[in-house]
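Let me begin by presenting the structure, written as structure tokens, before commenting on it.
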Amino acid sequence: MTDIPPAGGAVSEQERAVTAALEASAEELARFVSDFVAIPSVSGSEGEAAAFVEDWLRRNGFDAERQYIDPSALERWPECAHERDLDQRPNIVGRLRTGDRRLPDLVLNGHLDVVPVGDESKWQRSPFSGARVGGRIFGRGATDMKGGLGAGLFAMRALRDAGVALPFDVQVQCVVAEETGGLGTLSLMDGAPLPSAVIVLEPTACRIVTAAGGAAPFTVGVAGRAAHVATPWTGVSAFDKLVKVHERLRRLEQERETTLDHPLFNQLPQKAPLSIGRVEAGDWRLTIPDEAWIYGRIGTLPSEDLDTVRAAVRRALDELGDQDDWFRTHPASLTWDGPGFAGWEVPRDGDLAASLLAAAAQLSGDTEPACITYGSDASAFARQSVPVALFGPGDIQEAHVKDESVAEADVSYASKVTALAISRFAATAYARGGVPALEAQA
Ligand SMILES: [Zn+2]
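Take any residue in the sequence shown, count from 1 to its spot, add 652: that is its number in my numbering.
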């Protein structure tokens, strides 16, 4: 039999049993993450990693559903049109069936794919070693995000084993293709009932992330007039003009930094970075370049509308003509590369954030929410007004770099916070008589 967990700050016997069980299974969890990391699952070849979590779910008595993505669905998400081999890359959905479904499912979401390892010779150990050294697990995906997925799976098992009453089923969504556009989650959500709330298990250094910035990727092109480099005055350097574009964009960034205001983002060195990732100009040392390009992205705050920000970039580029006649006859071209993603935010006193914060406060004293400036599958849920938060072990600075690793203690801590937060979320729902009174998207 299950007891309904008490609302408010009190901790139930069962919640104590959950955290004790997760404490006891810390070693098993570390081994799970190590084995998981040892399976290479670079985006496009997630099949074996999918089979690994499916097998764990079945062996632990959970339903594990394989969801294959229908290639014809790609037409709806042109930004994912590059995806291949979909018949070998299923999403896996693990389910804790509680027998009480008065609320829609609570979802834990994590991705199976990892980014490429880059130059393997720069790694101290083989990139997929899964080595456990000095309390850390090493290998591509340790932080981003097999540690987080492991924590979520073990949290679900501990809740079931302790018999914690939940007025909803729990889903652990193990998705493909997150790093290459998010097709896995988009396809899982397609036509499915909306969940009560979602915790995306991305690396947040175990902070409770309640807000994320958005971003719009762009390309700016500038024209010049080619000439021999020995007589540059007979031409116009597209590179020199590109420098002016860059200066103007930097000024736009500065202007935005002084006017944008958000309690969480104000704590970051930059609230909404405008970053250039790649520059291209000319094709020959002895020729003044007649074309130059920058490829970048502009960051946005959760409350900002992407199109309004896009219009501000266009205006800034148009202003270049006020000081430089060349731009009046040769305006910089601006292309928006793909849909970008909007930011999102949940109120800290809403059910989801409050449950996570209560769990973290209880286990570590961390009571403050945090924000991030990177994109994740959380956007797909936020777009549908589903309350979503990010929480997971590992630092984002460890992700996508060589010698990626995650601390075993952080993975274990994350499993406890996740389980306790789900129990707290349930307690709040029961206190309301199981009536969904969940927060709307801010
Ligand atoms: Zn990730």
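Backbone N, C-alpha and C fix where the C-beta goes; we use that ideal spot for every residue, glycine too.
Three-state secondary structure (DSSP) of H880:
Walking along the sequence shown from the start, residue 880 turns up at place 228. In the three-state reduction of the DSSP assignment, H880 falls in the strand class, which pools E and B.
Would you grab the beta carbon distance between L953 and L912 for me? Rounded to a whole angstrom, and I think it's under 8 Å.
Working through the sequence shown from its first residue, we reach residue 953 at position 301. Working through the sequence shown from its first residue, we reach residue 912 at position 260. Sure, about 6 Å apart at Cβ, within 8 Å.
Any idea which residues DSSP pairs N743 with across the strands?
Within the sequence shown, the letter at position 91 stands for residue 743. In the DSSP output, where bridge partners are listed per residue, N743 has Q719.
Inter-residue spacing [alpha-carbon to alpha-carbon] between A1089 and A849
Locating residue 1089 in the sequence shown gives position 437, where the first residue counts as 1. Locating residue 849 in the sequence shown gives position 197, where the first residue counts as 1. At A1089, the pLDDT of 44 sits below 50, so the modelled position is not reliable; the number obtained from the coordinates is stated separately. Distance between the alpha carbons of A1089 and A849 is about 12 Å.
Checking contacts by CB at 7 Å: is R809 closer than that to chain C?
Here there is only one protein chain, and chain C is not present.
In the structure shown, what three-state DSSP assignment does A857 receive?
Taking the sequence shown and counting its residues from 1, one reaches residue 857 at position 205. Coil, per DSSP.
May I ask you to report which of helix, strand or coil DSSP gives Q1093?
Here residue 1093 refers to the residue found at position 441 of the sequence shown. With a pLDDT of only 33 at Q1093, under 50, the local geometry of the prediction cannot be trusted, and no value is derived from it.
Hey, would you say I851 sits closer than 7 Å to F1043, going by beta carbons?
Your numbering for residue 851 matches position 199 in the sequence shown. Your numbering for residue 1043 matches position 391 in the sequence shown. Yes, the pair counts as a contact, with Cβ atoms nearer than the cut-off.
Give the secondary structure of S1064 by DSSP, where H, G and I count as helix, E and B as strand, and everything else as coil.
Mapped onto the sequence shown, residue 1064 falls at position 412. The answer is helix: DSSP assigns S1064 an H, G or I state.
When we look at the beta-carbon of R668 and count the other beta-carbons within 10 Å, is it buried (16 or more) or exposed?
Locating residue 668 in the sequence shown gives position 16, counting from the first residue. It is exposed - the Cβ of R668 has fewer than 16 other Cβ atoms within 10 Å.
Mind checking whether the beta-carbon of D796 lies closer than 6 Å to any heavy atom of ligand 1?
Start at 1 with the first residue of the sequence shown, and residue 796 comes out as number 144. Checking the Cβ of D796 against ligand 1 gives yes.
Among R792, A807, R966, S985, whose alpha-carbon lies nearest the alpha-carbon of K774?
In the sequence shown, counting from the first residue as 1, residue 774 sits at position 122. For K774, the closest alpha carbon among the candidates R792, A807, R966, S985 is that of R792.
Could you tell me how far apart the beta carbons of P819 and P756 are, in whole angstroms, since I believe they sit closer than 8 Å?
By 1-based counting over the sequence shown, the position of residue 819 is 167. By 1-based counting over the sequence shown, the position of residue 756 is 104. For P819 against P756, the beta-carbon gap comes to about 10 Å, at or over 8 Å, which does not count as contact.
Proximity below 7 Å, CB of A1051 to CB of V1040
If you number the sequence shown from 1, residue 1051 lands on position 399. If you number the sequence shown from 1, residue 1040 lands on position 388. No.
Same chain, Cβ closer than 6 Å to E833, five either side skipped, listed in chain order:
Translated into positions along the sequence shown, residue 833 becomes position 181. It is worth fixing the name first, because residue 833 is Gly in this sequence and not Glu. Correct list, in chain order: E731, C732.
Mark T987 as exposed unless 16 or more other C-beta atoms lie within 10 angstroms of its C-beta, in which case mark it buried.
What you label residue 987 is simply residue 335 of the sequence shown in a count that begins at 1. Taking a 10 Å sphere around the C-beta of T987, we find fewer than 16 other C-beta atoms and assign the residue as exposed.
Using 6 Å as the cut-off, classify the Cβ of E854 as near or not near the heavy atoms of ligand 3, replying yes or no.
This structure lacks ligand 3; the ligands present are ligand 1.
Count the other C-beta atoms from every protein chain shown that fall within 10 angstroms of the C-beta of A672, then say buried if there are 16 or more, exposed otherwise.
Translated into the one-based positions of the sequence shown, residue 672 becomes position 20. Looking at its Cβ environment, which holds fewer than 16 other Cβ atoms inside 10 Å, A672 is exposed.
When burial is assigned at 16 or more other CB atoms within 10 Å of the CB, is V751 buried or exposed?
For the purposes of this step, residue 751 is taken as residue 99 along the sequence shown, with counting starting at 1. The identity of residue 751 in the sequence shown is Gly, whereas the question assumes Val. Counting Cβ neighbours within 10 Å, G751 comes out exposed, since fewer than 16 surround it.
State the Cα-Cα distance for the pair V980 and K893, rounded to the nearest angstrom.
Looking up residue 980 in the sequence shown gives position 328. Looking up residue 893 in the sequence shown gives position 241. Checking the sequence shown, residue 980 turns out to be Arg, not Val. Distance between the alpha carbons of R980 and K893 is about 12 Å.
Under the DSSP definition of a beta bridge, which residues are partnered with C826?
By 1-based counting over the sequence shown, the position of residue 826 is 174. Within the DSSP secondary-structure output, C826 pairs in a beta bridge with I744, G762.
Is the beta carbon of A701 sitting closer than 7 Å to the one on S693?
As a working mapping, residue 701 is identified with position 49 in the sequence shown. As a working mapping, residue 693 is identified with position 41 in the sequence shown. Yes.
N- and C-terminal bounds of the beta strand (DSSP E) containing V931:
For the purposes of this step, residue 931 is taken as the residue at position 279 of the sequence shown. Residues 926-933.
Given a cut-off of 7 Å on the beta-carbon distance, is the pair E665 and V828 in contact?
Mapped onto the sequence shown, residue 665 falls at position 13. Mapped onto the sequence shown, residue 828 falls at position 176. One thing to note: E665 has its Cβ no nearer than 7 Å to the Cβ of V828.
Mind checking which residues open and close the beta strand (DSSP E) that includes F1043?
Residue 1043 sits at position 391 when you count from the first residue of the sequence shown. That residue, F1043, is in no beta strand (DSSP E); it is neither H nor E in DSSP.
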